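*Asks:*
Residue numbers (the numbering used here): 9 to 527.
1. Let me check understanding here. Comparing Cα to Cα, which of 382, 471, 290, 421 lies closest to residue 350?
2. Quick check on the DSSP output: the alpha helix (DSSP H) that includes residue 314 runs from which residue to which?
3. For a quick check, are the C-beta atoms of residue 149 and residue 171 less than 8 angstroms apart?
4. Which term fits residue 165, buried or exposed, when burial requires 16 or more other beta carbons within 10 angstroms of its beta carbon?
5. Taking the straight line between their C-alpha atoms, what separation do you get for residue 264 and residue 179?
6. May I have the straight-line CA-CA distance separating residue 508 from residue 60, to the nearest angstrom?
7. Which partner residues does residue 55 have in the DSSP bridge list?
8. Who are the near neighbours of residue 477 in its chain, counting only those whose CB is closer than 7 angstroms to its CB and skipping five residues on each side?
9. Starting from the N-terminal side, write out each stretch of the beta strand (DSSP E) that is 3 residues or longer and does not extend beyond the stretch 378 to 433.
10. Below 8 angstroms, how does it come out for the stretch 385 to 393 and the stretch 404 to 423: are there three or more Cβ pairs, yes or no?
11. Where residue 330 and residue 342 are concerned, what is the direct C-alpha to C-alpha distance, given to the nearest angstrom?
12. Between 406, 348, 92, which has its C-alpha nearest residue 367's C-alpha?
13. Give every residue of the same chain whose Cβ lies closer than 7 angstroms to the Cβ of residue 45, excluding the five residues on either side of it in the sequence, and list them in chain order.
14. So, is the C-beta of residue 261 closer than 8 angstroms to a C-beta in chain B?
15. Shortest alpha-carbon distance to residue 408 belongs to which of 104, 379, 344, 182?
16. Quick check on residue 473: buried or exposed, where buried means 16 or more other Cβ atoms within 10 Å of its Cβ?
17. What are the start and end residues of the beta strand (DSSP E) that includes residue 13?
18. Do the stretch 200 to 208 and the stretch 111 to 131 make contact, defined as three or more Cβ pairs closer than 8 angstroms?
19. Excluding the 5 residues preceding and the 5 following residue 517 in the sequence, name in chain order all residues of the same chain whose CB lies nearer than 6 angstroms to its CB.
20. Where residue 410 and residue 161 are concerned, what is the direct C-alpha to C-alpha distance, given to the nearest angstrom?
21. In chain order, what residues of the same chain lie with their CB nearer than 6 angstroms to the CB of residue 439, ignoring the 5 residues before and after it?
22. For residue 451, which residues of its own chain have a beta-carbon under 6 angstroms away from its beta-carbon, when the five flanking residues on both sides are left out?
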């Protein structure tokens, strides 16, 4: 019997994976050919989707991208010399894009069926939780501290310090909240993991609950991810039935349960305190800190808030040890990061590597340069509020401190690539307009400053002499300083990154000489 694997990831489905699966089933039925089709998660090699994999004695053999009209010829080839087919890619694990990755978070990507508990456990699933159950809460917290894990949502705060703070807080009720409001442009790792490996997030949250003494958790998912919501809810039911959630987690005698909540689509709810307000049924607005959510978070109780990738990193740390995790990365940036390549890129997809590779390796090596074939102009790293990095800085290691030193950030690992046709002045204006539209309105610098910023950029672009341009440049820089140092949260505080980086590296797009931009 032929066993085929076709991804059920929403990107694969968007480009025809369901139609390809149906075509294989129909054609096999016509030929009276025994055929098993498994709908797996995605490898994250998105330029090859829909990616077909033949499960053979020699491992998975890949073909792609496959269209329904390719099915008859593929079935012919699969019963003979499959390697001769024009869409043949050879052994999937040997594809250079995949072979050179260091996958910890996405070790099961493309291999397992998302809602198969047997698949998950056959590939190391729930080993971390099983080990955690045999440990004291403070020992679990110590392992997370020792691993060097930092928050993958953007701020890169040491995760173990949050865990220790919540554990040490005195309260009758504590919570674990997963921020799955993945709103940054060019990011999709959270969605991939929730759709493709939901048990990993559940396991990470259960470990966190046992460690800090929380009995209840919430996964706050953006409304634009309906498939992720469905898969999470289905996986929660399976995990609960198997005893990994509920009143007696894994026989530990401790309770922890999870619930999915769907956000209404506000970008500001990616900020942890606005998210907590939204979870409480309020309008999502940023809270002043202190008090910290770790002490007074959801419903005023101690709350551990992390994003998907942070919580999903925990099972490997518990299963394989803190030192194993520390062996990946550089400096204070330890472990691996799933970088997401999007925009004008030839080979868009997910690349999980240890911190320390360069942006050039990522964009030119993995990504293959621009899809248009035109010269690279810049890459925006870290979402819509990330800095525009020119090719002259592409050899900077992907490391939190190295990027901070050049006025940029890694954020959630999104990398949006642009060729030389992109107008950076318009992108600077877009960043300010985006901030104006998404601001919660709580603080004046963000609410008013972003709107005034759009007006300043418009005046700068309309200026006809050097004196008028110079005045607007000074005003724009002063405004960016006000946003950076006066805003209540990162939305206003980081809007300056794409503006100042565009002004610094691409002054000609603003009609400026380099000397004018530097004044």
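Ideal Cβ positions, reconstructed from N, Cα and C, are used throughout, including at glycine. Nothing here was measured: the structure is a model prediction, and the numbers come from that model.
*Replies:* Taking the definition as stated:
1. Each of 382, 471, 290, 421 was checked against the Cα of residue 350, and the nearest Cα belongs to 421.
2. Membership of residue 314 in any alpha helix (DSSP H) is not indicated; the residue belongs instead to the beta strand (DSSP E) covering 311 to 315.
3. Result yes, Cβ atoms of residue 149 and residue 171 sit closer than 8 angstroms.
4. Result: exposed.
5. Residue 264 and residue 179: Cα-Cα distance of roughly 16 angstroms.
6. Going from the Cα of residue 508 to the Cα of residue 60 covers about 44 angstroms.
7. Per DSSP, none; premise fails for residue 55.
8. Here the set comprises 468, 471, 519, 520, 524.
9. If only complete runs of 3 or more residues are kept, the stretch 378 to 433 shows the beta strand (DSSP E) at 384 to 389, 422 to 427, in order along the chain.
10. Taking a cut-off of 8 angstroms on C-beta distances, the stretch 385 to 393 touches the stretch 404 to 423, as three or more cross pairs fall below it.
11. Their Cα atoms are separated by approximately 11 angstroms.
12. Of the listed residues, the one whose Cα sits closest to residue 367 is 406.
13. Non-local beta-carbon contacts of residue 45 in its own chain, meaning distances under 7 angstroms to residues more than five positions away in sequence, involve 12, 14, 29, 32, 33 in chain order.
14. You won't find chain B in this structure, because it holds only one protein chain.
15. Closest option to residue 408, judged by alpha-carbon separation, among 104, 379, 344, 182: 344.
16. By the neighbour-count definition (other C-beta atoms within 10 Å, threshold 16), residue 473 is an exposed residue.
17. For residue 13, the enclosing beta strand (DSSP E) begins and ends at 10 to 15.
18. Segments in contact, yes.
19. Within the same chain, and ignoring the five residues on either side of residue 517 in sequence, the residues whose Cβ sits closer than 6 angstroms to its Cβ are 431, 432, 433.
20. The straight-line gap from Cα to Cα measures roughly 17 angstroms.
21. Hits under 6 angstroms: 503, 506, 507.
22. A distance below 6 angstroms between beta-carbons, with the five flanking residues on each side excluded, links residue 451 to the following residues of its chain, in chain order: 495, 496.
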